[in-house]
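There are 2 protein chains.
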Amino acid sequence: MAETRNNVTRERILDAAERLFMAHGYEGTSMRQITGEANVNLAAVNYHFGSKEALMQEVFRRRLDWLNEERMRVLDRLEREAGDQPVKPSAIVDAFFGTLLRMADDEQRGGMTFLRLLGRTLTEPTEFIRAFLAHEYKEVMDRYKGALFRALPEVPKAEIVWRFHFMLGATSYAIAGTDALRVVTDWQIEAEDSVDRLDRMVPRLMAFLIGGLRAPIPQFREPSGEGG
Amino acid sequence: MAETRNNVTRERILDAAERLFMAHGYEGTSMRQITGEANVNLAAVNYHFGSKEALMQEVFRRRLDWLNEERMRVLDRLEREAGDQPVKPSAIVDAFFGTLLRMADDEQRGGMTFLRLLGRTLTEPTEFIRAFLAHEYKEVMDRYKGALFRALPEVPKAEIVWRFHFMLGATSYAIAGTDALRVVTDWQIEAEDSVDRLDRMVPRLMAFLIGGLRAPIPQFREPSGEGG
DNA sequence: TTATGATTTAAACGAACGTATGAATTATCA
DNA sequence: TGATAATTCATACGTTCGTTTAAATCATAA
Chain A
0 MAETRNNVTR
10 ERILDAAERL
20 FMAHGYEGTS
30 MRQITGEANV
40 NLAAVNYHFG
50 SKEALMQEVF
60 RRRLDWLNEE
70 RMRVLDRLER
80 EAGDQPVKPS
90 AIVDAFFGTL
100 LRMADDEQRG
110 GMTFLRLLGR
120 TLTEPTEFIR
130 AFLAHEYKEV
140 MDRYKGALFR
150 ALPEVPKAEI
160 VWRFHFMLGA
170 TSYAIAGTDA
180 LRVVTDWQIE
190 AEDSVDRLDR
200 MVPRLMAFLI
210 GGLRAPIPQF
220 REPSGEGG
Chain B
0 MAETRNNVTR
10 ERILDAAERL
20 FMAHGYEGTS
30 MRQITGEANV
40 NLAAVNYHFG
50 SKEALMQEVF
60 RRRLDWLNEE
70 RMRVLDRLER
80 EAGDQPVKPS
90 AIVDAFFGTL
100 LRMADDEQRG
110 GMTFLRLLGR
120 TLTEPTEFIR
130 AFLAHEYKEV
140 MDRYKGALFR
150 ALPEVPKAEI
160 VWRFHFMLGA
170 TSYAIAGTDA
180 LRVVTDWQIE
190 AEDSVDRLDR
200 MVPRLMAFLI
210 GGLRAPIPQF
220 REPSGEGG
């Protein structure tokens with residue numbers, strides 16, 4: 000094992016793995032592809048990280064540690080500034096999702112590559128990835144859900160949890176950028192050929208998320224009643 | 000190749016593949032797992048479908064053919080009933096996403112297993128899957144986007160396309176049900192232990208989608224102007 | 001019953017996978 | 001400079017992968 004770290008090789012591997020996992024998924028990327036693209040020896044991954052699974056975790060930890068700490072800091076500040084007032088829901092949504100989306104412009108923190116990787120991975124079925132992400136996100140998710148509960152005291156908690164879930168989905172899909180169902184037609188070219196595709200996507204997504212979060216609460220039909 | 004079809008073996012394979020692809024993804028599922036769970040010989044997949052890729056496509060085609068035809072029929076009916084009036088946006092959203100979500104109760108059309116598989120696959124990075132789904136969905140997507148354009152003439156088309164995209168993401172994530180970031184806490188147990196988890200999720204999701212679709216249009220900042 | 005084609009079967013193919021090994025090389029510092 | 005540790009390297013291991021083959025079995029109908 001390494002006690003003195005060679006950060007050059009490590010980061011070359013992490014960068015290549017990030018890009019390849021984004022493009023082909025965890026199972027679809029081989030160690031030989033990674034080490035080949037990183038121009039390092041095949042054995043380097045096992046030497047520096049121990050295994051492919053541990054590499055995958057390190058790829059995420061490198062980015063998520065900062066992201067979730069930043070989310071905590073932003074929420075700290077929002078709550079401090081609000082005093083005893085509740086924080087505005089739109090500010091909470093921006094603190095969680097906006098902080099994420101603004102990573103797209105920050106190449107040093109992974110930029111679009113990491114964003115797309117994260118978006119895709121949130122629906123990955125691979126078990127150890129799910130368990131790892133749940134653990135990494137536990138603290139920040141609880142903080143933000145609690146903040147939304149206080150910001151929307153009139154909305155049932157279960158409703159808020161679901162809407163957080165839906166917001167996560169819309170965001171993941173948007174940043175994954177696979178566009179699986181995107182078919183090029185005339186009006187789509189017109190809509191997306193500009194360089195600032197992402198710049199314009201972010202306010203659009205934020206508007207959509209807030210609209211969804213603030214939608215009227217649905218009334219459930221009772222089996223033998225006549226609920227609205 | 001088969002000219003007389005043995006539908007028993009074929010369907011056993013399709014059912015097992017659907018379940019396993021849902022649970023472990025395309026790359027994470029082996030032919031030996033599939034044929035093992037289906038209790039058929041290993042060579043049966045290549046005999047009946049030709050390859051693993053072709054099997055994956057048939058798993059989807061079996062369900063999507065009906066779904067997208069049904070979506071067409073429902074939209075046909077809505078437009079016929081509306082006459083020369085535009086169809087209500089909420090009716091269009093229900094026709095597209097509600098028709099999908101109601102498959103959950105229809106075990107003969109795949110039920111929750113297929114829904115979760117579809118949700119996960121929409122962010123799959125595997126290239127041939129993306130290409131296949133884009134082709135399968137092309138017709139119905141164009142129809143529905145056109146319907147939304149007419150239903151919301153005051154909203155820019157690019158905005159509608161993006162919001163359709165966001166709605167797809169929220170729905171995919173919700174039905175994928177991986178809950179990657181879900182951490183069990185007290186209030187979550189309270190919110191979700193009931194049998195009718197899905198029954199209540201559907202109206203919640205629809206309310207969220209409509210809320211997002213009808214959100215105020217964001218104004219973009221001009222580089223040298225003072226846009227609102 | 002027998003001939004014919006459809007289907008199933010066991011076995012094997014070469015390729016690619018993640019991982020491990022031990023020697024060679026490089027860096028560190030007394 | 002020489003000893004020690006860290007890192008890189010070529011190579012190989014055992015396994016699993018998707019696919020193919022040819023023989024065996026089954027179903028159908030003349």
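Protein sequences appear in the order of chains A and B. Mapping of the first sequence onto numbering that gives the first Met the number 0: position 163 corresponds to residue 162, and the numbering continues sequentially without gaps. Mapping of the second sequence onto numbering that gives the first Met the number 0: position 32 corresponds to residue 31, and the numbering continues sequentially without gaps. Backbone N, C-alpha and C fix where the C-beta goes; we use that ideal spot for every residue, glycine too. Predicted model only: the values in this text are computed from it and were never measured.
Check the Cα spacing between Val154 of chain A and each of A:Asp198, A:Pro217 and A:Ser29: the tightest is with A:Pro217. At least one CB of chain A lies nearer than 8 angstroms to the CB of Arg162 of chain B. Contact annotation: in the segment 73 to 99 of chain B, no residue has its CB less than 9 angstroms from a CB in chain A. The CB of Ser171 of chain B comes closer than 8 angstroms to the CB of Thr122, Gly168 and Tyr172 in chain A, given here in chain order. Secondary structure in the segment 36 to 104 of chain A: the alpha helix (DSSP H) runs of 4 residues or longer, each lying completely within the stretch, are 43 to 47, 51 to 81 and 88 to 92 in chain order. Think of a sphere of 9 angstroms around the beta carbon of Ile33 of chain B: no beta carbon from chain A falls inside it, the nearest being about 15 angstroms out.
When C-alpha distances from Arg72 of chain A are compared across A:Gly49, A:Ala206, A:Ala133 and A:Tyr143, the shortest belongs to A:Tyr143. Here the C-alpha atom of Arg18 of chain A lies approximately 6 angstroms from the C-alpha atom of Thr112 of chain A.
Counting the other Cβ atoms within 10 Å of the Cβ of Arg79 of chain A gives fewer than 16, which makes it exposed. Measuring C-alpha to C-alpha distances from Ala214 of chain B to each of B:Arg101, B:Asp198, B:Trp161 and B:Ala81 identifies B:Trp161 as the nearest. When C-beta distances to chain A are compared with 9 angstroms, the residues of the segment 208 to 220 of chain B below that value are Leu208, Ile209, Gly210, Gly211, Leu212, Arg213, Ala214, Pro215, Ile216, Pro217, Gln218, Phe219 and Arg220, in chain order.
Rounded to whole angstroms, Arg115 of chain B and Phe163 of chain A show a C-alpha spacing of 19 angstroms. Taking C-beta atoms as the reference points, Leu13 of chain B and Glu69 of chain B fail to come closer than 8 angstroms. Contact check for Thr8 of chain B against Phe20 of chain B fails: the beta carbons are separated by 8 angstroms or more. Taking a beta-carbon distance threshold of 8 angstroms, Arg119 of chain A counts as an interface residue toward chain B.
Met200 of chain B belongs to the set of residues whose beta carbon lies under 8 angstroms from a beta carbon in chain A. In the assembly as shown, Gly35 of chain A is an exposed residue. Its beta-carbon has fewer than 16 other beta-carbons within 10 Å. Scanning chain B for C-beta atoms nearer than 8 angstroms to the C-beta of Glu57 of chain A yields nothing, as the closest lies near 18 angstroms away. Proximity of Leu204 of chain A to chain B, defined by a Cβ-Cβ separation below 8 angstroms, is satisfied. Residues of chain A whose Cβ lies closer than 8 angstroms to the Cβ of Glu158 of chain B are, in chain order, Arg203.
Of all residues in the segment 101 to 119 of chain A, only Gly118 and Arg119 place a beta-carbon less than 8 angstroms from a beta-carbon of chain B. Under the three-pair Cβ rule at 8 angstroms, the segment 79 to 94 of chain B does not count as touching the segment 31 to 48 of chain B.
By the beta-carbon neighbour count (other beta carbons within 10 angstroms, threshold 16), Glu158 of chain A is buried.
Legend: CB atoms of the segment 11 to 33 of chain B lying less than 8 angstroms from CB atoms of chain A belong to residues Met21, Ala22, His23, Gly24, Glu26 and Gly27.
For the 8 angstroms CB-CB criterion, Asp93 of chain A and Met205 of chain A form a contact. With its beta carbon less than 8 angstroms from one in chain B, Phe165 of chain A belongs to the interface. The beta carbons of Ala22 of chain A and Gly168 of chain B sit no closer together than 8 angstroms.
In this structure, Ser171 of chain B sits near Thr122 of chain B, with a CB-CB distance shorter than 8 angstroms. Under the Cβ distance rule, Ala146 of chain B does not count among the residues neighbouring chain A, no pair being separated by less than 8 angstroms. Annotation for Leu147 of chain B: Pro88, Ile91, Ile159 and Phe163 place their beta carbon closer than 7 angstroms to its own, counting only its chain and skipping 5 residues before and after. In the DSSP assignment, Phe165 of chain B falls within the alpha helix (DSSP H) that extends over Lys156 to Ala175. The C-beta of Arg76 of chain A has fewer than 16 other C-beta atoms within 10 Å across all chains shown, which makes the residue exposed. Judged by their CB atoms, Met166 of chain B and Leu208 of chain B are nearer to each other than the 8 angstroms cut-off.
Under the Cβ distance rule, Ala150 of chain A does not count among the residues neighbouring chain B, no pair being separated by less than 8 angstroms. In terms of Cα proximity to Glu138 of chain A, the closest of A:Leu63, A:Ala150 and A:Lys51 is A:Leu63.
Not flagged as an interface residue toward chain A: Ala37 of chain B, since no C-beta distance is shorter than 8 angstroms.
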